[in-house]
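A.B. asks:
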Amino acid sequence: MPHAFANTLRTFQTASGKSGSFYSLPELEKTYPNISRLPVSIRIVLESVLRNCDGKKVTPEHVVELAHWQANAPRVDEIPFVVARVVLQDFTGVPLLADLAAMRTVADELGKQPKAIEPLVPVDLVVDHSVMIDYFGTKDALDLNMQLEFKRNVERYQFMKWGMQAFDTFGVVPPGFGIVHQVNLEYLARGVHRGKPPTEGQPPVYYPDSLVGTDSHTTMINGIGVVGWGVGGIEGEAAMLGQPVYFLTPDVVGFEFTGRLREGVTATDLVLTVTEILRREKVVGKFVEFFGEGVESLSVPDRATMANMAPEYGATMGFFPVDDKTIEYFQGTGRTADEIELLRAYFQAQGMYGMPRSGQIDYTKVVRLDLGTVTTSLSGPRRPQDRIEIGHAKEQFTSLFSKPPAENGFNQPAGDLLTRHHVRPVDARAEVPSADPSGKGIPRTPSVQPGAPRFVDEMNANKPTLAAAVHEAPPEQPDFGDRTIGNGDVLIAAITSCTNTSNPSVMIAAGLVAKKAVEAGLTVEPHIKTSLAPGSRIVTEYLTRAGLLPYLEKLGFALAAYGCTTCIGNAGDLTPEINEAITSNDLVCAAVLSGNRNFEARIHPNLKANFLASPPLVVAYAIAGTMLKDLTSEPVGKGHGGRDVWLRDIWPTSDEVAALMKFAMNGNAYRSNYEKVASDPGPLWEQIRGVSGQVYNWPASTYIAKPPFFDGFRMTPPPPPAAIQGARAMALFGDSITTDHISPAGSIKESSPAGMWLKQHGVAKADFNSYGSRRGHHDVMMRGTFANVRIKNLMIPPGPDGSREEGGVTLFQPSGEKMFIFDAAMKYIAEGTPTIVFGGEEYGTGSSRDWAAKGTQLLGIKAVVARSFERIHRSNLVGMGVLPLQFKAGDSWESLGIRGDETFDIELGGTLRPQQEATLVIHGKDGVARRVPLVLRIDTAIEVDYYRHGGILPFVLRQLLAA
Ligand code: SF4
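Residue numbers for the sequence shown follow the numbering used here, beginning at 33 and rising by one.
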């Protein structure tokens with residue numbers, strides 16, 4: 033069939049005379065005026081819709097609808113967006129690979145070709161999420177942590193190797209190279225893509241890079257003009273199997289920057305300000321597009337920092353158009369001259385090159401910020417949008433210390449604030465780090481077994497055996513002497529997260545703060561867990577060449593890993609002595625990290641106050657050692673000769689940072705580093721042996737198991753239920769329940785259902801690893817659902833002091849017996865009782881985490897009724913066949929007096945329609961029934977199909993096998 037818009041095909045030429053074909057938006061504009069006034073992000077999606085218009089998945093009507101995008105209009109149209117590629121991180125990538133493997137098993141069992149299941153677009157999985165900071169503060173910390181990383185994860189890595197040989201377009205960036213979004217920015221994103229020639233003899237068709245990733249911070253790539261965002265693993269899987277990503281036509285909020293950042297103010301300060309502003313603007317479900325002369329002055333790494341935190345401000349994307357700064361970044365990161373000139377020529381031909389100025393684009397709304405007003409800030413203690421100017425941090429901590437939980441406080445007696453407590457020795461065997469094989473606790477100064485392999489030697493291919501790679505030497509016990517700790521003490525200080533480690537200016541600033549601090553005689557207390565975990569090896573390269581790494585090391589910020597570490601909750605444990613001192617005195621201690629999330633219990637279960645800050649500020653707070661010091665009016669610490677040293681004495685000027693930037697933007701260094709992904713992935717990785725063959729053989733494992741989502745699969749779906757009847761409430765939650773509350777990524781408690789299951793299966797506590805690393809095994813993950821140690825099921829009555837019990841428990845009805853949510857779920861499933869979860873605002877906020885939806889489904893929960901939903905989690909629920917339903921304005925389970933002992937029906941009426949009305953019928957214990965209107969948050973027609981098929985996975989599998 034001829035392309036419906038073949039008349040828009042044109043050619044463009046690069047500076048050196050190469051030519052390419054492209055589907056021209058300027059040509060389309062001749063029929064549909066105003067395309068050049070559309071936001072650039074919308075135009076890039078429009079190009080995809082235009083190019084992929086095949087009359088089936090993408091129709092000419094889709095093209096026309098999007099070409100007619102209006103800045104302000106009801107949003108009812110659904111856009112089928114075919115992306116150029118998919119990126120995965122290992123926590124989400126492994127379960128996705130397990131689903132693909134299970135689909136192949138089903139195909140095989142049904143006598144179909146297993147190869148029918150094959151990614152149709154390139155897929156890259158970057159292994160970054162599992163590495164933990166067990167060792168820190170010394171030069172061998174990286175080696176030791178990597179040895180443990182390989183020991184713990186060998187089964188997952190074997191499975192990945194099976195995937196690499198089974199699927200043609202599935203690549204893996206092995207552990208130790210970096211963090212997915214930084215690697216994507218520095219390496220995987222190659223500019224425009226080259227397709228086939230439209231007809232013989234014509235030049236190939238070029239098109240812009242675009243992607244979805246199974247990680248919410250995929251938006252970081254928006255910093256270089258690539259349209260892309262995070263989706264759940266479920267949607268990511270569909271995208272790689274050739275399904276368009278469907279989304280409602282978005283509003284696009286323009287964010288204009290004017291002016292320049294003031295001296296000493298960092299990109300981190302800017303992004304915390306942007307997050308605060310955009311949270312107020314309520315940009316959930318919208319695109320944000322940055323423009324204006326202030327944006328023009330920002331480097332790509334600064335832009336990428338803004339783009340990274342789109343999930344924190346709630347937007348689908350935080351997009352920056354392609355301009356000279358993008359080209360500069362491509363040059364500085366070693367992209368080829370060919371790639372660079374194609375990128376420039378393509379965007380120029382489409383009329384999309386350059387930073388738009390005020391008035392050039394029609395946005396739904398314009399928000400403005402004068403960069404000159406941004407101040408040095410941090411955010412916390414619980415949410416990224418709660419920005420605090422540095423001069424108010426002490427005051428804010430002090431005030432929250434004794435405020436009630438309802439006001440975000442810690443509910444402590446004000447008089448206890450300054451009390452210090454001795455750190456006393458405890459039996460080291462009682463608590464050990466989560467997987468430290470020695471069982472002796474976490475050392476700051478570990479000793480290395482003579483001859484043990486060193487991860488840094490991997491680049492020189494030292495070929496140790498895997499068995500030898502396990503660190504066996506007994507580490508030294510920390511000596512606490514007469515140390516005391518108290519409220520406000522900083523116990524973790526981590527330079528972490530792709531958000532900031534991808535930005536050389538803030539990393540160099542951190543190095544300069546360390547240099548000046550060391551030269552002034554400042555130190556960091558040895559009990560503070562300090563770590564440096566960059567998102568790529570390039571950071572080490574330029575910090576070394578700039579001469580800054582030794583100063584960071586001197587303050588304890590030695591290289592500990594290349595990976596998410598503290599940002600994903602893999603800070604590793606504190607020492608048993610410190611844990612004991614915190615818990616027995618109910619202390620409010622702090623972590624300061626250059627990450628982007630600080631939800632409760634994400635960083636460490638015992639640290640209640642978590643602050644996000646720029647890398648240089650992380651160093652400063654590590655030196656200060658407490659949040660109870662105002663760094664603007666008190667010295668950071670005492671230097672040589674007892675002299676007071678102030679923050680201003682160690683804070684670098686922008687000229688000092690700029691002078692060292694030449695070490696960071698070195699194309700050759702990027703090229704030679706990333707060549708090693710293929711040529712020299714390291715001996716630890718090379719020694720991993722995977723199963724071979726097209727169909728996985730599912731060997732017994734506590735990491736990988738055949739997921740049950742296709743059990744009983746038939747080519748024809750069963751009819752979906754017209755109503756849910758006689759359901760029980762599994763939980764009543766407040767606002768802002770995060771996906772980490774629903775499906776935690778961090779450590780597994782021994783006494784939890786998942787911990788007990790692991791022990792029953794012969795896994796020692798020291799080898800539990802984390803929930804995130806066990807997402808390939810549903811038996812662990814369904815037990816971990818709603819198992820966050822800080823989640824509060826408000827069905828449990830408050831204690832005498834009004835406090836709420838934390839942890840994944842519920843009251844099983846009608847007996848009211850208290851038990852783990854997992855145990856209650858199994859009992860309800862056994863007796864055939866459906867269950868419902870009630871939530872507040874922003875249900876499912878936080879990282880995209882498909883296990884939050886998968887676990888919900890496997891617990892037999894049929895619907896989630898909330899006041900509002902986070903975008904990805906809502907679609908993941910639909911994708912798993914769980915109904916998201918929304919209260920109408922003003923209603924909530926609290927306002928309706930729901931207590932959890934009622935039974936419930938949900939009536940859906942006849943044929944399902946997107947966003948239709950539904951009815952919640954509440955049957956009280958008194959026999960009275962009340963009817964409450966709800967909105968069904970199945971938002972699009974394709975989602976109705978997904979739900980009818982029991983979820984997106986059976987839907988896609990039926991399509992592929994039918995073909
Ligand atoms: S967990 Fe943190 S470091 Fe890792 S990808 Fe997400 S934002 Fe980046």
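Don't be surprised by glycine CBs; every beta carbon is placed ideally from N, CA and C.
Every value quoted in this text rests on a predicted model; they were computed, and no experiment measured them.
What residue from GLY942, ASN84, GLY787, GLU939 has the CA that sits closest to THR734's CA?
C.D. replies: For the purposes of this step, residue 734 is identified with residue 702 of the sequence shown, where counting begins at 1. Taking only the C-alpha atoms, the option nearest THR734 is GLY787.
A.B. asks: Going by the beta-carbon positions, is the gap between SER248 and ILE904 smaller than 8 Å?
C.D. replies: Mapped onto the sequence shown, residue 248 falls at position 216. Mapped onto the sequence shown, residue 904 falls at position 872. Cβ atoms of SER248 and ILE904: closer than 8 Å.
A.B. asks: Please return the same chain residues whose Cβ sits closer than 8 Å to the Cβ of CYS85, not counting the five positions on each side in sequence.
C.D. replies: Within the sequence shown, numbered from 1, the residue matching residue 85 stands at position 53. For CYS85, the CB contacts under 8 Å within the same chain, skipping 5 residues up- and downstream, are HIS35, ALA36, PHE37, THR91, PRO92, HIS94, VAL95 in chain order.
A.B. asks: Count the other C-beta atoms from every protein chain shown that fall within 10 angstroms of the C-beta of VAL896, then say buried if there are 16 or more, exposed otherwise.
C.D. replies: In the sequence shown, counting from the first residue as 1, residue 896 sits at position 864. Counting Cβ neighbours within 10 Å, VAL896 comes out buried, since at least 16 surround it.
A.B. asks: Just to confirm, does ASN535 get its C-beta within under 7 Å of one of the non-hydrogen atoms of the ligand SF4?
C.D. replies: Position 503 of the sequence shown, counted from the first residue, corresponds to residue 535. Every heavy atom of the ligand SF4 is 7 Å or more from the Cβ of ASN535, so no.
A.B. asks: Taking the straight line between their C-alpha atoms, what separation do you get for GLN948 and THR770?
C.D. replies: Looking up residue 948 in the sequence shown gives position 916. Looking up residue 770 in the sequence shown gives position 738. For GLN948 and THR770, the distance between alpha carbons rounds to 26 Å.
A.B. asks: Contact between the segment 644–664 and the segment 538–545: three or more CB pairs below 8 Å?
C.D. replies: At 8 Å Cβ cutoff, the stretches touch.
A.B. asks: Quick one: does the C-beta of ASN177 sit closer than 7 Å to a heavy atom of the ligand SF4?
C.D. replies: Looking up residue 177 in the sequence shown gives position 145. Flag unset: Cβ of ASN177 not near the ligand SF4.
A.B. asks: Does the beta-carbon distance from ALA381 to ALA47 come in below 8 Å?
C.D. replies: For the purposes of this step, residue 381 is taken as the residue at position 349 of the sequence shown. For the purposes of this step, residue 47 is taken as the residue at position 15 of the sequence shown. Not a contact, by the Cβ cut-off of 8 Å.
A.B. asks: Checking 8 Å against the spacing of the C-beta atoms, do THR972 and HIS955 come in under that value?
C.D. replies: Indexing the sequence shown from 1 puts residue 972 at position 940. Indexing the sequence shown from 1 puts residue 955 at position 923. Result no, Cβ atoms of THR972 and HIS955 do not sit closer than 8 Å.
A.B. asks: Taking the alpha-carbon positions, what's the ASP514 to ARG188 distance?
C.D. replies: For the purposes of this step, residue 514 is taken as residue 482 along the sequence shown, with counting starting at 1. For the purposes of this step, residue 188 is taken as residue 156 along the sequence shown, with counting starting at 1. Rounded to the nearest angstrom, the two C-alpha atoms are 43 Å apart.
A.B. asks: Which partner residues of ASN642 appear in the DSSP bridge assignment?
C.D. replies: As a working mapping, residue 642 is identified with position 610 in the sequence shown. For ASN642, the pairing in a beta bridge is given by DSSP as ALA623.
A.B. asks: Heavy atom of the ligand NAP less than 7 Å from the Cβ of GLN947, yes or no?
C.D. replies: Questions concerning the ligand NAP fall outside what the structure shown contains, since the ligands it does hold are the ligand SF4.
A.B. asks: By the DSSP assignment, the alpha helix (DSSP H) with TRP717 in it spans what residues?
C.D. replies: Within the sequence shown, the letter at position 685 stands for residue 717. Where TRP717 is concerned, the enclosing alpha helix (DSSP H) stretches over 715–718.
A.B. asks: DSSP on PHE17, reduced to helix/strand/coil?
C.D. replies: There is simply no residue 17 to check, as the chain begins at 33 and stops at 995 in what is shown.
A.B. asks: Which ranges would you report for the beta strand (DSSP E) in the segment 242–291 if only whole runs of at least 3 residues count?
C.D. replies: 242–245, 259–262, 277–280, 284–290
A.B. asks: Please list the terminal residues of the continuous beta strand (DSSP E) segment that includes PRO413.
C.D. replies: Your numbering for residue 413 matches position 381 in the sequence shown. It is not in any beta strand (DSSP E) - PRO413 carries neither H nor E in the DSSP assignment.
A.B. asks: Tell me whether GLN121 counts as near the ligand SF4, meaning its Cβ is closer than 7 Å to at least one heavy atom of that ligand.
C.D. replies: Residue numbering aside, residue 121 sits at position 89 when the sequence shown is read from its first letter. True, at least one ligand heavy atom lies under 7 Å from that Cβ.
A.B. asks: If you reduce the DSSP assignment to three classes, tell me which class GLU939 lands in.
C.D. replies: Here residue 939 refers to the residue found at position 907 of the sequence shown. Strand at GLU939.
A.B. asks: Here's a check: name, in chain order, each residue in its chain whose Cβ is nearer than 7 Å to the Cβ of LYS495, leaving out the five neighbours to either side.
C.D. replies: Within the sequence shown, the letter at position 463 stands for residue 495. Unreliable positioning characterises LYS495 in this predicted model, as indicated by a pLDDT of 30, which lies under 50. A coordinate reading is not provided.
A.B. asks: For LEU606 and LYS561, I'd like the C-alpha separation in whole angstroms.
C.D. replies: On the sequence shown, residue 606 is found 574 positions in, with the first residue counted as 1. On the sequence shown, residue 561 is found 529 positions in, with the first residue counted as 1. Straight-line measurement puts the Cα of LYS561 at about 8 Å from the Cα of LEU606.
A.B. asks: Mind the definition here: the segment 737–745 touches the segment 985–992 only if three or more C-beta pairs lie below 8 Å; say whether that holds.
C.D. replies: yes
A.B. asks: Between VAL284 and ILE74, is the Cβ-Cβ spacing less than 8 Å?
C.D. replies: The residue given as residue 284 occupies position 252 in the sequence shown. The residue given as residue 74 occupies position 42 in the sequence shown. Cβ atoms of VAL284 and ILE74: closer than 8 Å.
A.B. asks: Considering just the uninterrupted stretch of the beta strand (DSSP E) at LEU1029, what are its terminal residues?
C.D. replies: Residue coverage of the chain in this structure runs from 33 to 995, which leaves residue 1029 outside it and unanswerable.
A.B. asks: Can you pull the DSSP bridge partners for THR658?
C.D. replies: Here residue 658 refers to the residue found at position 626 of the sequence shown. Answer is ASP521, bridged to THR658.
A.B. asks: Is ASP247 near the ligand SF4, going by C-beta to nearest heavy atom under 7 Å?
C.D. replies: Sequence index remark: in the sequence shown, residue 247 carries index 215 (1-based). Yes; taking the cut-off as 7 Å, the Cβ of ASP247 has a heavy atom of the ligand SF4 nearer than that.
A.B. asks: For the segment 293–309 against the segment 401–409, are there 3 or more C-beta pairs whose distance is under 8 Å?
C.D. replies: yes
A.B. asks: Measure the C-alpha to C-alpha separation of ALA696 and MET341 and round it to an integer number of angstroms.
C.D. replies: Counting from one through the sequence shown, the residue named residue 696 turns up at place 664. Counting from one through the sequence shown, the residue named residue 341 turns up at place 309. Their Cα atoms are separated by approximately 23 Å.
A.B. asks: Cutting at 7 Å between CB atoms, please list the residues of its own chain near LEU764, excluding the five before and the five after it.
C.D. replies: Translated into the one-based positions of the sequence shown, residue 764 becomes position 732. Excluding residues within five positions, the ones whose Cβ falls inside 7 Å are ASN825, LEU826, MET827, PHE870, TRP925, ILE930, GLY932.
A.B. asks: Bridge partners of ASP402, per DSSP?
C.D. replies: Here residue 402 corresponds to residue number 370 of the sequence shown, with the count starting at 1. Answer is THR290.
A.B. asks: Using DSSP bridges, identify the partner residues of MET349.
C.D. replies: Counting from one through the sequence shown, the residue named residue 349 turns up at place 317. DSSP lists PHE319 as partners of MET349.
A.B. asks: Can you list, in chain order, the residues of its chain with a C-beta nearer than 7 Å to that of SER329? Leave out the 5 residues immediately preceding and following it.
C.D. replies: To locate residue 329, count along the sequence shown from 1; it is residue 297. Within the same chain, SER329 has close Cβ partners ARG292.
A.B. asks: Using a threshold of 7 Å, is the CB atom of GLY627 nearer than that to any non-hydrogen atom of the ligand SF4?
C.D. replies: Here the question's residue 627 lines up with position 595 in the sequence shown. Indeed, a heavy atom of the ligand SF4 lies less than 7 Å from the Cβ.
A.B. asks: Given a cut-off of 8 Å, decide if PRO207 and TRP730 are closer than it, judged by their beta-carbon atoms.
C.D. replies: Sequence index remark: in the sequence shown, residue 730 carries index 698 (1-based). Sequence index remark: in the sequence shown, residue 207 carries index 175 (1-based). No. Outside cutoff.
A.B. asks: In the DSSP assignment, find the beta strand (DSSP E) that holds TYR385 and state where it starts and stops.
C.D. replies: Residue 385 sits at position 353 when you count from the first residue of the sequence shown. In the DSSP assignment, TYR385 falls outside any beta strand (DSSP E), carrying neither H nor E.
A.B. asks: Taking Cβ positions, are LEU217 and GLY255 nearer each other than 8 Å?
C.D. replies: Locating residue 217 in the sequence shown gives position 185, where the first residue counts as 1. Locating residue 255 in the sequence shown gives position 223, where the first residue counts as 1. Against a cut-off of 8 Å, the Cβ pair of GLY255 and LEU217 comes out as a contact.
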